[in-house]
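See below for the structure under consideration.
There are 2 protein chains.
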Amino acid sequence: MSRLTATYLIETPGDPHAAAEALAGEQSSGTFIKIPGETAELKERFAARVESLEPLEDDAGPSLPGAKGVDGPCRRARVRISWSLDNFGFNIPALLATLQGNLYELSQFSGLKLDDFDLPVEYAERFPGPAFGAEGSKRLVGVEPERPMIGTIIKPSVGLTPGATAALVRELAEADIDFIKDDELMVATANSPFEDRVDRVMEVVREHAERTGRKIMVAFNLSGELDEMHRRYDHILAAGGTCAMICVNAIGWPAAREICRRGELAIHAHRAGWGMLTRHPLLGVNFPAFQKIWRLAGVDQLHVNGLANKFWEPDDSVVRSIRSCLEPTLGWKPLLPVVSSGQWGGQAFDTYARTGSTDLLYLAGGGIMAHPAGPGGGVRAIRQAWEAAVRGLDLEAAAREYPEFRQSVETFGKPTA
Amino acid sequence: MSRLTATYLIETPGDPHAAAEALAGEQSSGTFIKIPGETAELKERFAARVESLEPLEDDAGPSLPGAKGVDGPCRRARVRISWSLDNFGFNIPALLATLQGNLYELSQFSGLKLDDFDLPVEYAERFPGPAFGAEGSKRLVGVEPERPMIGTIIKPSVGLTPGATAALVRELAEADIDFIKDDELMVATANSPFEDRVDRVMEVVREHAERTGRKIMVAFNLSGELDEMHRRYDHILAAGGTCAMICVNAIGWPAAREICRRGELAIHAHRAGWGMLTRHPLLGVNFPAFQKIWRLAGVDQLHVNGLANKFWEPDDSVVRSIRSCLEPTLGWKPLLPVVSSGQWGGQAFDTYARTGSTDLLYLAGGGIMAHPAGPGGGVRAIRQAWEAAVRGLDLEAAAREYPEFRQSVETFGKPTA
């Protein structure tokens with residue numbers, strides 16, 4: 166029987182080994198009083214195990230309030246804990262309550278973060294992973310392997326009518342974009358019922374496909390209650406759509422799984438709320454664990470922020486996220502990392518240099534809409550930047566060679582390479 | 166049209182007013198480039214508003230990494246932001262992506278926590294709230310208004326067979342307990358299939374009810390995928406059960422709503438994972454907001470930790486949580502706060518003094534099982550403690566008057582009053 170193994174970053178005012186044992190006890194068969202039936206066999210079979218503990222150098226803190234016995238700097242370590250599949254079988258909510266449950270409440274810790282985990286091999290058969298993933302998503306739009314998929318987000322996020330949204334989609338289609346998405350705040354507003362928006366937008370997408378042979382992917386945000394989400398999924402399908410968007414933190418794992426298992430649309434997963442789970446270095450979850458949870462549900466595309474973004478996140482963290490989406494796990498298809506936030510062609514060079522991948526969905530807003538040559542110029546500029554990056558050019562050389570990209574360097578500013 | 170109003174605690178290296186405006190922009194119709202169709206009417210209707218800003222005294226930090234422009238202590242404030250119902254209607258995942266979405270990523274903030282929110286009055290008609298709530302849960306077991314419901318958790322958490330679980334339930338039933346629950350880690354293990362456990366346990370509960378006229382409430386943890394949860398719900402109902410348990414953070418809002426809206430079983434909500442959402446004082450969510458999200462889904466009972474608990478949380482925070490469960494909201498039934506973690510009768514005095522309520526589910530483990538007079542003595546001791554607290558006695562006076570409670574003071578230690 167194989168085991169689930171998880172890695173945590175811990176910080177404790179006490180002995181890290183004792184704290185790790187407390188974690189293993191709290192998250193499995195641990196109990197502080199002797200119970201009839203609590204046999205040695207039961208413990209052997211169901212108790213979580215501390216597999217390893219590696220002290221970290223940067224002792225400090227306490228990072229969080231409420232740890233007992235704080236007296237000077239706290240000690241930090243990386244620990245691996247394992248559980249038998251016997252504890253939860255193939256029940257993911259039970260697995261989540263095990264991996265990221267009461268352990269954050271333990272007063273032995275002044276800091277605790279789930280860094281990554283490895284699923285038992287038995288999961289490969291039970292959970293098929295993404296139906297489309299990176300490669301399948303690109304293929305649906307006819308995007309060549311050697312370049313990323315290029316997309317944008319409908320803005321203003323909230324408030325456009327279906328007609329105004331469709332007009333914007335027409336403009337973007339004429340600019341030869343690959344992908345368009347709703348904002349994470351936008352499902353259905355008082356002036357944009359979901360079905361009307363899908364109908365108006367897909368009319369434009371279908372017309373464009375008939376003319377060009379290429380069907381743009383539009384991620385309609387169908388997040389809602391279960392029955393609503395299924396109805397909206399049906400509506401997108403009937404209108405000839407290829408993609409639906411869900412806010413994974415807002416809908417939760419079982420609902421995401423329900424939607425993904427239908428398998429007819431690529432599922433674009435937005436991580437709205439992710440900051441509260443990860444922004445503190447010693448609380449919550451790191452992205453390698455997070456992406457695995459949602460790949461297990463079957464999402465195809467997952468947001469990872471972008472290099473030189475407008476948010477708080479440093480580039481190293483974004484690079485780690487992109488890599489973890491593309492890493493093989495249980496034979497599942499890699500996820501398509503969705504790169505966004507303050508992106509224009511300028512970040513293509515570092516992004517490619519640091520990830521070596523064109524299996525990305527590269528989202529730009531202003532970088533497309535505010536290009537001096539219009540949205541068409543904006544899309545061309547991003548394609549040029551990626552072509553140049555893959556050819557091994559740097560930003561300056563690319564700007565010399567490609568006119569639209571040169572315009573975007575002049576407009577959007579400083580090189581990041 | 167009424168508005169959704171949320172209160173955030175913020176910390177910023179810059180101007181708090183500017184940071185609050187950035188939050189409002191990011192979470193509604195904000196955009197950094199002018200778009201055709203972005204009219205003044207659209208902004209007036211859909212833009213979030215900063216309603217008020219109250220500077221806080223305790224400037225310090227930065228609490229979180231990644232804020233731009235940190236140079237000395239950061240400024241803290243409490244801000245109120247409002248949105249029109251037009252933005253999301255009655256779609257709760259969209260509301261969650263609005264209240265607790267990308268805002269945590271903003272580099273304007275070095276700290277940000279959702280403290281509380283007020284739902285538009287229109288929600289009262291659309292969402293019925295808890296079907297049973299505090300009073301209905303107590304009534305199902307026949308617990309008198311003037312005392313809390315008294316319960317315990319099956320331990321060891323994971324690993325007991327259905328037969329061993331049923332034997333423990335029999336012992337607890339004979340001790341005249343009101344409520345028994347599965348651990349949050351326990352749904353179905355290799356040696357305890359869910360249905361077998363329900364059958365064995367409910368046989369004991371039904372026999373006991375026939376003999377005594379009182380049906381103990383057992384919260385079976387049915388967390389899982391949607392179809393599994395529905396099947397398990399049916400199974401509990403068919404066996405004569407009155408309650409099901411869900412881990413709300415692990416299953417998410419739409420799945421919780423699906424289960425709650427069936428309305429035939431009281432829903433016991435475990436908050437496993439809550440620590441990662443709240444333990445940092447300036448990141449995540451505070452309990453008053455959290456309980457409202459789940460009351461909106463329709464849960465009846467929600468964990469709040471306990472006074473003098475074994476976890477990290479200070480008593481003031483626990484008291485605030487209990488009060489917020491009992492607070493009237495939109496005419497909905499109050500939630501039954503589930504008090505647990507290191508509880509025995511000793512905390513009854515402070516808990517009653519600080520909340521004035523007996524509408525609680527008071528869970529004890531060792532306080533019941535390890536009582537010198539056995540589990541029956543343990544349950545009696547807790548009832549005695551609450552009777553004494555309601556009568557206005559203090560712990561010492563109660564220990565003089567009630568023999569089983571005196572034994573538990575001798576066994577479980579220091580007064581907390």
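Line order of the protein sequences matches chains A and X.
Heads up: the first sequence begins at 166 in this note's numbering, then just goes up one per residue.
Heads up: the second sequence begins at 166 in this note's numbering, then just goes up one per residue.
Glycine is no exception: its CB is placed at the ideal position from the N, C-alpha and C atoms.
Straight-line Cα distance separating residue j from residue i
| i | j | result |
| --- | --- | --- |
| X:Val-370 | X:Asn-470 | 27 Å |
| A:Gly-511 | A:Glu-339 | 23 Å |
| X:Glu-186 | X:Val-244 | 10 Å |
| X:Ala-212 | A:Asn-474 | 24 Å |
| A:Trp-551 | A:Phe-570 | 10 Å |
| A:Pro-499 | A:Pro-313 | 14 Å |
| A:Met-410 | A:Ala-332 | 21 Å |
| A:Glu-575 | A:Pro-568 | 11 Å |
| X:Thr-443 | X:Asn-451 | 6 Å |
| X:Glu-206 | X:Leu-229 | 37 Å |
| A:Tyr-527 | A:Ala-404 | 25 Å |
| X:Ile-175 | X:Ala-564 | 46 Å |
| A:Arg-426 | X:Leu-461 | 27 Å |
| A:Gln-265 | A:Ala-171 | 10 Å |
| X:Leu-448 | X:Arg-376 | 51 Å |
| A:Ala-296 | X:Pro-293 | 37 Å |
| X:Gly-557 | X:Glu-311 | 13 Å |
| A:Glu-336 | A:Leu-260 | 46 Å |
| A:Arg-488 | A:Ser-522 | 9 Å |
Contacts that residue i makes with chain A (C-beta to C-beta distance below 9 Å)
| i | result |
| --- | --- |
| X:Ser-573 | Result: empty, since nearest Cβ-Cβ is about 14 Å, beyond 9 Å. |
| X:Arg-360 | It is worth fixing the name first, because residue 360 of chain X is Glu in this sequence and not Arg. Going along chain A, no residue has its Cβ under 9 Å from X:Glu-360, so there is no contact; the nearest lies around 14 Å. |
| X:Ser-193 | Pro-321, Ser-322, Val-323, Gly-324 and Leu-350 |
| X:Leu-391 | Leu-391, Pro-419, Ala-420, Arg-422 and Glu-423 |
Nonlocal neighbours in the same chain, by C-beta distance under 7 Å from residue i, ignoring five residues either side
| i | result |
| --- | --- |
| X:His-400 | Glu-360 and Val-363 |
| A:Leu-218 | Pro-181, His-182, Ala-185, Ala-242 and Val-244 |
| X:Thr-354 | Val-323 and Gly-324 |
| A:Met-484 | First, the residue type needs correcting, since residue 484 of chain A is Val and not Met in the sequence shown. Result list for A:Val-484: Arg-519 and Thr-520, in chain order. |
| X:Gly-307 | Arg-379 |
| A:Val-235 | Pro-178, Pro-227 and Ser-275 |
| X:Arg-365 | Pro-327, Gly-328, Thr-330 and Ala-331 |
Contacts around residue i, its chain only, beta-carbon distance under 8 Å, and the 5 residues preceding and following it disregarded
| i | result |
| --- | --- |
| X:Glu-534 | The amino acid occupying residue 534 of chain X in the given sequence is Met; Glu does not appear at that position. Counting only Cβ-Cβ distances below 8 Å, and skipping sequence neighbours, we find Thr-317, Lys-320, Pro-540 and Gly-543. |
| A:Ala-562 | Ala-553 |
| A:Thr-581 | Because the pLDDT of A:Thr-581 is 44, which lies under 50, any placement of that residue in the model is unreliable, and the number read from its coordinates should be weighed accordingly. Correct list, in chain order: Leu-472, Ala-473, Gly-511, Gln-512, Phe-514, Asp-515 and Leu-560. |
| A:Ser-167 | Leu-250, Pro-285, Val-286 and Glu-287 |
| X:Trp-477 | Gly-440 and Arg-444 |
| A:Thr-204 | none |
Beta-carbon neighbours of residue i, restricted to chain X and to distances below 8 Å
| i | result |
| --- | --- |
| A:Asn-451 | Here the premise fails: no neighbours, minimum Cβ distance about 12 Å. |
| A:Thr-354 | Phe-211, Asp-251, Asn-252, Phe-253 and Gly-254 |
| A:Ser-388 | Asn-256, Pro-258, Ala-259 and Ala-262 |
| A:Pro-150 | Any answer about residue 150 of chain A is impossible in this case: the structure gives chain A only from 166 up to 582. |
Cβ-based neighbour list, residue i, same chain, cut-off 6 Å, excluding 5 preceding and 5 following
| i | result |
| --- | --- |
| X:Val-413 | Ala-421, Ala-434 and Trp-459 |
| X:Gly-578 | none |
| A:Ala-384 | Lys-346, Cys-408, Met-410 and His-433 |
| A:Lys-380 | Ala-374 |
Beta-carbon neighbours of residue i, restricted to chain A and to distances below 8 Å
| i | result |
| --- | --- |
| X:Lys-475 | Ser-272 |
Under 7 Å from the C-beta of residue i: neighbouring residues of chain A
| i | result |
| --- | --- |
| X:Cys-412 | Pro-258 and Ala-262 |
| X:Tyr-527 | Correct list: empty, because the minimum Cβ distance to chain A is about 18 Å. |
| X:Ala-232 | Trp-477 |
| X:Glu-203 | Pro-321 |
Beta-carbon proximity check, residue i vs residue j, cutoff 7 Å
| i | j | result |
| --- | --- | --- |
| X:Cys-239 | X:Gly-231 | no |
| X:Ile-345 | X:Val-334 | yes |
| A:Val-503 | A:His-468 | yes |
| X:Leu-501 | X:Gln-466 | yes |
| X:Asp-524 | X:Ala-289 | no |
| X:Glu-209 | X:Leu-268 | no |
Closer than 9 Å at the beta carbon, the chain X residues around residue i
| i | result |
| --- | --- |
| A:Gly-542 | Neighbours of A:Gly-542 on chain X: none; closest Cβ ~14 Å, over 9 Å. |
Amino acids of chain X, ordered along the chain, whose beta-carbon sits closer than 7 Å to that of residue i
| i | result |
| --- | --- |
| A:Gln-265 | Gly-438 and Met-441 |
Proximity test, Cβ basis, 7 Å: residue i and chain D
| i | result |
| --- | --- |
| A:Leu-207 | The structure shown has no chain D; the protein chains it does contain are A and X. |
Taking beta-carbon pairs under 8 Å, can you tell me which members of the stretch 310-333 of chain X lie near chain A? Lys-320, Pro-321, Ser-322, Val-323, Gly-324, Leu-325, Thr-326, Ala-329, Ala-332 and Leu-333
With 9 Å as the C-beta to C-beta threshold (strictly closer), list the residues of the stretch 395-410 of chain A near chain X in chain order. none
Positions along the stretch 414-444 of chain A whose CB lies within less than 7 Å of some CB in chain X: Ala-415, Ile-416, Gly-417, Trp-418, Pro-419, Ala-420, Arg-422, Glu-423, Ala-437, Gly-438, Gly-440, Met-441, Leu-442 and Arg-444
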